[in-house]
Amino acid sequence: MFSGIDKVAMTSGPPQIKQETSSTSKPDLIIFGSKRKRKNDEPQSTVLNHGPSQDSNGGDRNTSSGNKKYKPNHAAVQNPLEGVQGKLKEKARKLWDQRKTLPIWSHADVIRQSLRDKDVLLLVGETGSGKSTQVPQILAKETWCTTQRVPATAANGKKGFVHVGGCIAITEPRRVAAVSLARRVAEEVGTPLGSSSPASTVGYNVRFDNSTSPCTKIKFLTEGMLLQEMLRDPGLREYSAVIVDEVHERGVNVDLVMGFLKTLINGKYKGRYGVPLKVGVMSATVSMEGLIKFFEGDSETRDPLSSGYRQAEAESEWSGFSESDKETPDTGANQEPHGRSGLQKNNNLRAFHNKACDPGRELSTEASSDKPDRNGPLLRTTNDSAVAICHIEGRQYPVTVVYSPEPVQDFVDASLRNIFQIHYKEPLPGDILVFLTGQTTVESLEHLVNEYAIGMSPDLPNLLALPLFAALPQSAQQRVFLPAPPKTRKVILATNIAETSVTVSGVRYVIDCGKSKIKQFRTRIGLDSLLVKPISKSAAIQRKGRAGREAPGQCYRLYTEQDYLNLQSQNTPEILRCDLGQAVLTMKARGVTNIIDFAFLDPPPREAIEKALMQLFQLKALDDSGAISKIGLEMARLPLTVPLARVLLAAGEPELRCVPEVIDIISALSVENIFLTLHSEEREEEAQVARRELYRREGDHLTLLTTVRAYCAEHTDRKGWAERHFVSHRAMQAVVDVRKQLRAQCYRSRIHTGSDDTDNTPITSELATTILKCFLNGFAVNTARLMPDGSYKTVVGNQLVAIHPSSGLYGKKVEAIMYNEFVFTNRSYARGVSAVQMDWVGEAIGG
DNA sequence: GTGTAACAT
């Protein structure tokens, strides 16, 4: 059905299109003796330039003339596509009027000029500024944003040409954002989206969903996806520019992307044949000082104190929960050559000293105001700096902040009072959004609101309490986005999912408990803790902002103003809080030899890096010299945590040969819990009966295997099957996606998968043993043995650990257990648990 | 007797 359209596009468009679409290869290949692949002012940019002739920018002239040429061409050939294109154009023209009113619009020239003069632009755009959709369009029309044809010499000495640049990448922290921004920009540009047409100039690339065309000029992708592309092509030759959006969220991936980009810029664009790469860094509320220093400073001499996170780190180092935790970090034997442990330690001490001497320092960039300084110059260009800076005001209505006069002990109770206070006092419309810490607090407040609403005066509007958290089934999440019924006020009870991932319209009142659950990896004991902690100032501002998107609003903070002023200014970057195994493996696979010297935005503690290096070495991902091994390279290609990647590789070894089974288990372990949590006791018992056929006494790993198999064996009604077995259908769909991806990857990497038809192989007790032994290849350190008193203690480190109540082995006593996760909440729990034998563990550790 | 959020050829 598409072939017809393809043909039309190829015969009716300008000849350049024909040439472009007929070629399947991307412009990053060396083409010897071929004709040019893409030229500056060719159609992909003319399509982008549907916009207004009122745009008087000089850089547009080429393309506007192209535009004129393009249109008559279409008209002449009675193009059936004209109808479709016409509609797209019409929509785009309508959107054009809206776009003109965006705050960013008046800065378009400044943005263009910045990147003509400099290689790096730091852009702070408050919410509603339109930065994510407009900046790519503004830059795509620049003359530097075209494919360069560069002479090059191939390995065999033959002379030829390479093509570098032409496309703009915009990275997003989340898949939904990448996809929806691409959709929006495609509409504004008036082009079909992604792979729907070979002439599409706007596309996206996220896991499980690549939608680009040979003409893609603007590509939205997730941070992880860009990292994967860098693994293949460190020079990012496809792109003329990379725009990193939402840096302030500071996931691990964005820190790696930033480090690689800086290395690329400072390394004279190695791998790009001298063609510069423009870098845009966009953020909502970040203090820019850290970013300026990052790009301007030399990573060798940069003072880690500049970022302000060092203090947070130093603090947490010393507020550890056990005495043994408080020992001075012992750097011990180190994997890395010429370590800087002395310097590092010194900095920690300086952080301490600094904090004691100048406690105001960590607030310096935010001061006590919520708003960034607007008096500062919009564009600061010191001549010797390679960095341009631009600030764009947002389009937010004012939000009044109301602080609690005194500290709040029970924020569920305080929220309840606030909800009814607002409800009694304030007229409709205006929904309420409450930020809580987790599923349990959300659900208990939900019950309370419903209970109290019964006794309300009948003259008052109704109250509709709506829970919102990630584990909630999709259908229940959708209810939040429906407009409130007549004479009803919605009260959305949310976790921090509503802070960034999800926007709810209609909200004018925000109640912020000032806390969220944060995962912190404790390097020394290899334990994740998931604890309720105060949020940062920037998170508090973000939450507040949710009240002012459509009208002036109010934000009730369930903490005092002094508490607010004492909050850390930014979220602690994830790279300072997580197990660095995967991050270090990614760096090693990208050729970073000395991890300590990597261009970190915020260098993690040396100890955490060493722990990761040790883990990778023990799993044979690194060799004796610390260089990446063949196994390590294979592991880096797998979209899995380090231990799971190791298990998958082990499963292909001749003595184990259980790849299909291991893939099924790993897929289930890689997604959120596939078993639904049930609330009433009857439902719980019902579920136990329904799941009985899935249960394996060996433990959770094999129970997951039987569940995945049974689900996949159901061909007619999987949704019904999931419901009958109290299994999350959404999670199982994710499992199926991961499973498919892993099978494909194993096939490509020639990992022995055996026949694909092993779904019906009976899981004998021997096979179960093989599978568990296979898992010990990655999880030998995640084991604990039974003590005489009935408790379990970890084999490595002798820490007390309890089997999590969600495990099938909960309450059972076996010789030893192996677990997928070790998490501290109220106590230390092992999650994803199976029974193992001590001699298997000994074998795995010894061998 | 229990789960903040998100990402990956």
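Each residue of the first sequence is one higher than the one before, starting from 1 at the first, in the numbering used here.
Positions of the beta carbon are idealized from the N, C-alpha and C atoms, including for glycine.
Keep in mind the model is a prediction, meaning the values are calculated, not measured.
Please tell me whether residue i and residue j are closer than 8 Å, where the distance is taken between their beta carbons.
| i | j | result |
| --- | --- | --- |
| Lys537 | Ser569 | yes |
| Ile666 | Leu640 | yes |
| Thr523 | Ala386 | no |
| Ala589 | Leu256 | no |
| Thr171 | Val244 | yes |
| Gly526 | Val781 | yes |
| Pro407 | Tyr204 | no |
| Glu142 | Arg112 | yes |
| Gly832 | Val647 | no |
| Gly125 | Ala284 | yes |
| Leu227 | Ser211 | no |
| Lys490 | Pro461 | no |
| Val202 | Ile218 | yes |
| Val434 | Ile419 | yes |
| Glu249 | Ala92 | no |
| Met838 | Ala816 | yes |
| Val399 | Cys555 | yes |
| Cys578 | Val252 | yes |
| Val584 | Ile595 | yes |
| Thr678 | Ala768 | Rather than Thr, the amino acid found at residue 678 in this sequence is Leu. No, Cβ-Cβ distance for Leu678 and Ala768 is not below 8 Å. |
| Met635 | Ala645 | yes |
| Asp119 | Val279 | yes |
| Ser834 | Glu655 | no |
| Met282 | Lys131 | yes |
| Thr848 | Ser180 | Residue 848 lies beyond the stretch modelled for the chain, which goes from 1 to 847, so this question has no answer here. |
| Val841 | Leu776 | yes |
I believe residue i touches residue j by the beta-carbon criterion, under 8 Å. Please report the beta-carbon distance rounded to the nearest angstrom.
| i | j | result |
| --- | --- | --- |
| Ala453 | Leu463 | 5 Å |
| Leu139 | Ile389 | Incorrect: roughly 16 Å between the Cβ atoms, too far for contact. |
| Asp431 | Ile511 | That belief does not hold up - the Cβ atoms of Asp431 and Ile511 are roughly 12 Å apart, past 8 Å. |
| Arg174 | His163 | With 8 Å as the limit, Arg174 and His163 do not qualify as a contact, their Cβ atoms being about 31 Å apart. |
| Val412 | Thr441 | 6 Å |
| Ala851 | Thr794 | The requested residue 851 is not part of the displayed model; the chain covers only 1 to 847. |
| Pro136 | Val185 | 6 Å |
| Lys270 | Gly235 | 7 Å |
| Val642 | Leu622 | Contact flag wrong, Cβ pair sits at about 11 Å. |
| Arg395 | Ser129 | 7 Å |
| Val532 | Lys515 | 5 Å |
| Gln134 | Ile168 | Going by Cβ atoms, the distance from Gln134 to Ile168 rounds to 12 Å, so no, they are not a contact pair. |
| His865 | Lys740 | Coverage of the chain is limited to positions 1 through 847, which leaves residue 865 absent and any answer about it impossible. |
| Cys513 | Ala650 | Rounded, the Cβ-Cβ distance is 45 Å, inconsistent with contact. |
Where does the unbroken alpha helix (DSSP H) through residue i begin, and where does it stop?
| i | result |
| --- | --- |
| Gln520 | That residue, Gln520, is in no alpha helix (DSSP H); its beta strand (DSSP E) goes Lys515 to Arg522. |
| Tyr564 | Glu561 to Asn566 |
| Asn450 | Gln439 to Ile454 |
| Ala199 | Run containing Ala199: none; DSSP gives neither H nor E here. |
| Asp431 | From DSSP, Asp431 is part of no alpha helix (DSSP H) but of the beta strand (DSSP E) over Asp431 to Phe435. |
| Pro643 | Val642 to Ala651 |
| Ala660 | Sequence inspection shows Pro at residue 660; the Ala mentioned does not correspond to that position. Note, Pro660: alpha helix (DSSP H), Val659 to Ser670. |
| Gln113 | Ala108 to Asp117 |
| Arg184 | Arg175 to Val189 |
Mind checking which residues open and close the beta strand (DSSP E) that includes residue i?
| i | result |
| --- | --- |
| Thr400 | Val399 to Tyr403 |
| Cys774 | Per DSSP, Cys774 belongs to no beta strand (DSSP E); it is in the alpha helix (DSSP H), Ser765 to Phe779. |
| Lys533 | Leu527 to Pro534 |
| Phe220 | Ile218 to Thr222 |
| Met282 | Lys278 to Ser283 |
| Val510 | Val507 to Asp512 |
| Ser828 | Ser828 to Val836 |
| Pro136 | No beta strand (DSSP E) contains Pro136, which is instead part of the alpha helix (DSSP H) from Lys131 to Ala140. |
| Tyr819 | Ala816 to Phe824 |
| Arg489 | Thr488 to Ala494 |
| Thr593 | Counting along the chain, Thr593 falls outside any beta strand (DSSP E), and DSSP gives it neither H nor E. |
Using only the heavy atoms of the ligand MN, determine whether one of them is closer than 7 Å to the beta carbon of residue i.
| i | result |
| --- | --- |
| Ser211 | In terms of ligand content, the structure shown is empty, and the ligand MN therefore cannot be addressed. |
Report yes or no: do three or more beta-carbon pairs, one from the region 469 to 487 and one from the region 668 to 681, lie closer than 8 Å?
Because the criterion of three Cβ pairs below 8 Å is met, the region 469 to 487 and the region 668 to 681 touch.
Mind pulling the beta strand (DSSP E) runs of 3 or more residues that sit fully within the region 242 to 271? Runs of the beta strand (DSSP E) inside the region 242 to 271: none found.
Q) Quick one: complete alpha helix (DSSP H) runs, 4+ long, within the region 540 to 589? A) DSSP runs (the alpha helix (DSSP H)) wholly in the region 540 to 589: 561 to 566 and 581 to 589.
Touch test, the region 490 to 509 against the region 547 to 559, Cβ-Cβ under 8 Å, three pairs minimum
Between the region 490 to 509 and the region 547 to 559, the count of C-beta pairs closer than 8 Å reaches three or more; the two stretches touch.
Pair every Cβ in the region 733 to 750 with every Cβ in the region 800 to 815, then say whether three or more of these pairs are closer than 8 Å. The region 733 to 750 makes no contact with the region 800 to 815: fewer than 3 CB pairs, one atom from each, lie closer than 8 Å.
Every unbroken alpha helix (DSSP H) within the region 658 to 742, with a cutoff of 4 residues, ordered by chain: Scanning the region 658 to 742 from its first residue to its last, the whole alpha helix (DSSP H) runs of 4-plus residues come out as 659 to 670, 681 to 690, 700 to 713 and 718 to 724.
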